[in-house]
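A short write-up of the structure that comes next.
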Amino acid sequence: MFYDPIRRTAAEIVINGKFLLATLEGMPRVAREVTGAIDTLLATPDYRGVTVTLLAPPGGAERITLQRIAVEEVGRHTGLLWEQLDLPRALRGRYCINFTNTAPVVRRSGCVVVHDAQFRSSPASHGLRSKVLYGMITPYVARHYQRLVTVSHFSREQLVRYAVCDRADIEVVPNGIDHVLTQPVSDAVLTRFGLMPGGYVLTNSSFHAHKNVQTIFDAVAPDADLAGRLVLFGGPDRGTLSERGLRVPDGVRFTGRVDDADLAALMRHAALFLFPSTTEGFGLPPLEAMALGCPTIASHAGAMPEVCADGAMLVPALDAAAWRAAIRRLLADPEARAALSAAGRARAARFRWREAARRYLDLALADLGVVVPMPVADVHIPA
Numbered sequence: 414m415f416y417d418p419i420r421r422t423a424a425e426i427v428i429n430g431k432f433l434l435a436t437l438e439g440m441p442r443v444a445r446e447v448t449g450a451i452d453t454l455l456a457t458p459d460y461r462g463v464t465v466t467l468l469a470p471p472g473g474a475e476r477i478t479l480q481r482i483a484v485e486e487v488g489r490h491t492g493l494l495w496e497q498l499d500l501p502r503a504l505r506g507r508y509c510i511n512f513t514n515t516a517p518v519v520r521r522s523g524c525v526v527v528h529d530a531q532f533r534s535s536p537a538s539h540g541l542r543s544k545v546l547y548g549m550i551t552p553y554v555a556r557h558y559q560r561l562v563t564v565s566h567f568s569r570e571q572l573v574r575y576a577v578c579d580r581a582d583i584e585v586v587p588n589g590i591d592h593v594l595t596q597p598v599s600d601a602v603l604t605r606f607g608l609m610p611g612g613y614v615l616t617n618s619s620f621h622a623h624k625n626v627q628t629i630f631d632a633v634a635p636d637a638d639l640a641g642r643l644v645l646f647g648g649p650d651r652g653t654l655s656e657r658g659l660r661v662p663d664g665v666r667f668t669g670r671v672d673d674a675d676l677a678a679l680m681r682h683a684a685l686f687l688f689p690s691t692t693e694g695f696g697l698p699p700l701e702a703m704a705l706g707c708p709t710i711a712s713h714a715g716a717m718p719e720v721c722a723d724g725a726m727l728v729p730a731l732d733a734a735a736w737r738a739a740i741r742r743l744l745a746d747p748e749a750r751a752a753l754s755a756a757g758r759a760r761a762a763r764f765r766w767r768e769a770a771r772r773y774l775d776l777a778l779a780d781l782g783v784v785v786p787m788p789v790a791d792v793h794i795p796a
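Letter 131 of the sequence shown, counting from 1, is numbered 544 in the numbering used here, and no numbers are missing.
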């Protein structure tokens, strides 16, 4: 159930700022973008009288610039200790939105966003600390917090299937993707890595099992030309992946970590973007590539069919031969690439951070009794 808001009085909302000290990817990316969009919405008449405060761990306030949301550093710890010890004391009973799978266990007033159940569905992708953290705290807050939100219908089903919670009232609020459209346009990163526009195929480097990079390696390995076109961005380099037991073909190139502007340029100029994950709760990277006009091939797995829909070519996640055929087909057919690029842009245009922020605010205000619940429609991933 979603709500058509009718304001009745003022309200105070707090955002859990633990994400401020984290690497800007995945859940911290979502938290930062939604927070920024909430900041913008507070200037509109719909949210007159709504006060939002971002509570940050030490050193967090300097990492974000907001106009209407007050940022307050509290406590003396960081990470989990800050969230479980310092944050609860600073909340003073206020409603808190927690964007990154965990929340103070001693509080229940607020919203917790659980993005997926991968700590149970794909345990090989998580270390011991992550398994303990998410295995203990996430199910507890998912079951006990006033409001539970996830980012796709696939994730909603997974949370129940893997016994993270058994609630029937899990709300779905899709992520946005339009942050990639604000990046400065520069081709310097191509020069830095010796790349030509349209001359390479891009994917993400990862040793996490569910990211399934080995299938892409197996797809290009029999074809030296394809292997020579493959470029991986992100953390692990060739040596790290090899140490983890992955078989990396000769000729494959690695950029290492790049900033948002460089990644946008790499996506914008790639002939294709590949996203082979065996599961994702949402999947930001393929939508980022689609938004930038890069023809995208994604796995027919996890939330990708739901999120990417007809904006990407979908292939079986673990079928290297199917990936090889799809890559070859699109590289050989400029018209097919152009059609997929247009479809991807159209699909990605439906996902906006402002809309996600509005949904989070309205759900919070409904919980606080500041809106009259007016059912208008169930929230769906855009069709």
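Just so it is clear, CB atoms sit at the ideal spot from N, CA and C, and this is done for glycine as well.
How far does the alpha helix (DSSP H) with residue i in it extend, from its first residue to its last?
{"i": "Arg758", "result": "Pro747 to Ala761"}
{"i": "Ile550", "result": "Leu541 to His557"}
{"i": "Arg362", "result": "The first residue shown for the chain is 414 and the last is 796, placing residue 362 beyond what the model contains."}
{"i": "Pro718", "result": "Met717 to Cys721"}
{"i": "Phe630", "result": "Val626 to Val633"}
{"i": "Thr691", "result": "Neither: Thr691 is in no alpha helix (DSSP H) and is coded neither H nor E."}
{"i": "Ala769", "result": "Trp766 to Asp780"}
{"i": "Gly657", "result": "Gly is not the amino acid found at residue 657; the sequence shown has Arg there. Segment: none, Arg657 is in no alpha helix (DSSP H) and carries neither H nor E."}
{"i": "Glu446", "result": "Gly439 to Leu454"}
What are the boundary residues of the beta strand (DSSP E) that includes residue i?
{"i": "Cys707", "result": "Premise fails: Cys707 is in no beta strand (DSSP E) and is neither H nor E."}
State yes or no: is the C-beta of residue i within less than 7 Å of the C-beta of residue j?
{"i": "Gly724", "j": "Ser568", "result": "no"}
{"i": "Arg388", "j": "Leu546", "result": "This structure gives no information on residue 388, because the portion of the chain shown stretches from 414 to 796."}
{"i": "Asn588", "j": "Val443", "result": "yes"}
{"i": "Arg660", "j": "Phe630", "result": "yes"}
{"i": "Val519", "j": "Pro501", "result": "yes"}
{"i": "His621", "j": "Ser538", "result": "yes"}
{"i": "Thr491", "j": "Pro470", "result": "yes"}
{"i": "Ala424", "j": "Val463", "result": "yes"}
{"i": "Val593", "j": "Glu701", "result": "yes"}
{"i": "Val728", "j": "Ala739", "result": "yes"}
{"i": "Val525", "j": "Ala503", "result": "no"}
{"i": "Glu446", "j": "Trp766", "result": "yes"}
{"i": "Ile428", "j": "Ile550", "result": "no"}
{"i": "Ile590", "j": "Ala761", "result": "yes"}
{"i": "Gln596", "j": "Ala674", "result": "yes"}
{"i": "His682", "j": "Pro747", "result": "no"}
{"i": "Tyr575", "j": "Ser535", "result": "no"}
{"i": "Ala751", "j": "Thr628", "result": "no"}
{"i": "Thr653", "j": "Phe606", "result": "no"}
{"i": "Val602", "j": "Ala678", "result": "yes"}
Skipping 5 residues on each side, what residues in its chain have a beta carbon closer than 7 Å to that of residue i?
{"i": "Cys578", "result": "Pro552, Ala555, Arg556, Leu561 and Leu572"}
{"i": "Val586", "result": "Val562, Val564, Ala769, Arg772, Tyr773 and Val792"}
{"i": "Arg521", "result": "His557, Tyr558 and Gln559"}
{"i": "Gly472", "result": "Leu434"}
{"i": "Tyr460", "result": "Leu454 and Leu774"}
{"i": "Pro662", "result": "Phe630, Val633, Ala634 and Ala640"}
{"i": "Gly647", "result": "Asn617, Ser618, Ser619 and Arg670"}
{"i": "Asp452", "result": "Leu479, Gln480, Arg481 and Ile482"}
{"i": "Gly548", "result": "Phe532"}
{"i": "Ser655", "result": "Val661"}
{"i": "Pro698", "result": "Asn617 and Phe688"}
Tell me the DSSP bridge mates of residue i?
{"i": "Leu615", "result": "Val644 and Phe686"}
{"i": "Ile426", "result": "Val465 and Tyr508"}
{"i": "Phe667", "result": "Leu645"}
{"i": "Leu727", "result": "Ala711"}
Among residues of its own chain, excluding the 5 on either side of residue i, which ones have a beta-carbon nearer than 8 Å to its beta-carbon?
{"i": "Gly625", "result": "Per the sequence presented here, residue 625 reads as Asn, with Gly not at that position. Taken in chain order, the residues that qualify are Pro689, Ser690, Thr691, Ser712, Ala730 and Leu731."}
{"i": "Gly696", "result": "Phe688, Ser690, Ala711, Gly715, Ala716, Met717, Val720 and Cys721"}
{"i": "Arg742", "result": "Ala749"}
{"i": "Ala456", "result": "Gln480 and Arg481"}
Within its chain, find whatever has a CB closer than 6 Å to the CB of residue i; leave out the 5 residues flanking it on each side and keep chain order.
{"i": "Ser754", "result": "Gly706 and Pro708"}
{"i": "Ile426", "result": "Val465, Tyr508 and Ala777"}
{"i": "Gly430", "result": "Leu467, Leu468, Ala469 and Gly473"}
{"i": "Leu643", "result": "Val614, Val633 and Val665"}
{"i": "Asp780", "result": "Gln559 and Arg560"}
{"i": "Pro649", "result": "Ser618 and Phe620"}
Output the residue ranges of the alpha helix (DSSP H) runs that lie fully inside the region 456–536 and measure 4 residues or longer, sorted by chain position. 500–504 and 531–534
List, from N- to C-terminal side, the beta strand (DSSP E) runs of 3 residues or more that fit wholly inside the region 559–616. 560–563
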